[in-house]
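Colleague:
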Amino acid sequence: MPLTAEKIIPTTEVLEPRARDSWTHTRDGDPRGYIDSDRLKELWIHTGTACNLACPFCLEGSHPGDGRIPGMKLSDVRPFIHEALGMGVEQFSFTGGEPFVIRDFVNILDYASQHRPCFVLTNATDPLLKRRHQVLPLLDNPHPIHFRVSLDFPDAARHDVDRGEGSFDKALEGIQWLVEQGFKVSIARQTDTDEDPVQVEEAFRSIFRDWGIPDTLAFTAFPDLGTPGTDDGSPEITETCMEKYPTRESRAHFMCTYTRMLVKKNDQVRVYACTLVDDDPEYDLGGTLAESMDERIMLRHHRCFACYRFGASCGAPE
Numbered sequence: 001m002p003l004t005a006e007k008i009i010p011t012t013e014v015l016e017p018r019a020r021d022s023w024t025h026t027r028d029g030d031p032r033g034y035i036d037s038d039r040l041k042e043l044w045i046h047t048g049t050a051c052n053l054a055c056p057f058c059l060e061g062s063h064p065g066d067g068r069i070p071g072m073k074l075s076d077v078r079p080f081i082h083e084a085l086g087m088g089v090e091q092f093s094f095t096g097g098e099p100f101v102i103r104d105f106v107n108i109l110d111y112a113s114q115h116r117p118c119f120v121l122t123n124a125t126d127p128l129l130k131r132r133h134q135v136l137p138l139l140d141n142p143h144p145i146h147f148r149v150s151l152d153f154p155d156a157a158r159h160d161v162d163r164g165e166g167s168f169d170k171a172l173e174g175i176q177w178l179v180e181q182g183f184k185v186s187i188a189r190q191t192d193t194d195e196d197p198v199q200v201e202e203a204f205r206s207i208f209r210d211w212g213i214p215d216t217l218a219f220t221a222f223p224d225l226g227t228p229g230t231d232d233g234s235p236e237i238t239e240t241c242m243e244k245y246p247t248r249e250s251r252a253h254f255m256c257t258y259t260r261m262l263v264k265k266n267d268q269v270r271v272y273a274c275t276l277v278d279d280d281p282e283y284d285l286g287g288t289l290a291e292s293m294d295e296r297i298m299l300r301h302h303r304c305f306a307c308y309r310f311g312a313s314c315g316a317p318e
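Residue numbers (the UniProt record's numbering): 1 to 318.
#1: Quick check on this structure: which residue in G29, H46, S22 and G164 has the alpha carbon closest to the alpha carbon of N52?
#2: Just mark A19 as buried or exposed, buried being the case when its beta carbon has 16 or more other beta carbons within 10 Å.
#3: What does the Cβ neighbour count give for L262, buried or exposed, with the cut at 16 atoms within 10 Å?
#4: Which two residues bound the contiguous alpha helix (DSSP H) that contains K170?
#5: Which of the three DSSP states is assigned to P142 in this structure?
#6: Can you give the beta carbon distance from V135 to V106, rounded, assuming they're within the 8 Å contact cut?
#7: Spell out the partners DSSP gives Q91 in its beta bridges.
#8: What does the alpha-carbon distance come out to for the pair L178 and E239?
#9: Quick one, which of V271, N266, K265 and K264 has its alpha-carbon nearest C256's?
#10: Should T275 and W44 be called a contact, given that it needs their Cβ atoms to be closer than 7 Å?
#11: Buried or exposed, going by whether 16 or more other CB atoms sit within 10 Å of the CB of P137?
#12: What is the C-beta distance between F147 and T122, in whole angstroms, given that I count them as a contact (C-beta under 8 Å)?
#13: May I ask you to list the residues that DSSP assigns as paired with H63?
#14: Assign Q114 to one of two classes, buried (16 or more other C-beta atoms within 10 Å of its C-beta) or exposed (fewer than that).
#15: Classify H159 as buried or exposed, calling it buried when 16 or more other Cβ atoms lie within 10 Å of its own Cβ.
#16: What are the uninterrupted segments assigned as beta strand (DSSP E) that are 3 or more residues long and contained completely in the region 260-300, given in chain order?
#17: Would I213 and Q268 be called neighbours here (beta carbons separated by less than 7 Å)?
#18: Does R148 come out as helix, strand or coil in the three-state DSSP assignment?
#19: Do you know offhand how far E295's Cα is from S75's?
#20: Pull up the distance between the alpha-carbon of E180 and that of H46, whole angstroms please.
Pasting the structure below:
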């Protein structure tokens, strides 16, 4: 009996390589590039995706009340902090959402900074400003806390289009306060494809001088990393591509070489490969840091290409 048009298998289904696992092989069937982790140097803690802002470009898809990743509690992270200490971790880092939206965050930061230096990504607006009385005592803890504040462009109107009217000035108020108290501060900014980085950062420094903020703050510039579940069409990384990174030193700019991130899923804390892949459950590496370090990290996520091409790192600038 001849096949009807409805029963004919589409050509694309016949031609696509179905015998390969997409975790280990590209769409073309080539073996993927991968990273075998060396050691745990930095532990990231995802505080949750709730945020006071609703930026359309947010790589976490965060907005007020968002629950894609639930908020962390000190009781959730305490065992992992001690496991990480036993593994020689050098720094605890925090991202969201906006960490200061999370009720228990200051308690978590207080506990972590008793043990190691800490690094916090924040928009430095109302959630931080309203908790200044809780943050200030953390200066007396044994280890320093470094805040990296998101300030997208050296233009209030352009910044506020996505982050909300007045957020540029609020962020500058937060930066000014943090610096005046003695905390270390750096800036996360966005990049334009045709920008002159020196000119852009000088424009920021001019604004800082107007606000009485030191013009020596360091910058970390980020490309558009896309929202959760999207794919920007970046090239896939193969084993052959990785031949240009043959040594431990040359691979060290890949975050998954030396970092892990704690992500709360329902009521359990899971360990993910890095800060950029929590929208892909394949990067869930287990329930302990020790077991996560034994897992080979396949460079499947489209954001892996940012690390491959630019040496992108969410960590503190040196």
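C-beta: ideal position from N, C-alpha, C; glycine also.
Nothing here was measured: the structure is a model prediction, and the numbers come from that model.
Modeller: Looking at the coordinates:
#1: G164
#2: With a pLDDT of only 40 at A19, under the threshold of 50, the placement of this residue in the model should not be trusted; the figure read from the coordinates follows. Exposed, because fewer than 16 other Cβ atoms sit within 10 Å of the Cβ of A19.
#3: Counting of Cβ neighbours within 10 angstroms places L262 among the buried residues, the total reaching 16 or more.
#4: S167 to Q181
#5: coil
#6: 7 Å
#7: E42
#8: 44 Å
#9: V271
#10: Yes.
#11: exposed
#12: 6 Å
#13: A50
#14: exposed
#15: buried
#16: 268-272
#17: no
#18: strand
#19: 26 Å
#20: In a straight line, the C-alpha of E180 is about 27 Å away from that of H46.
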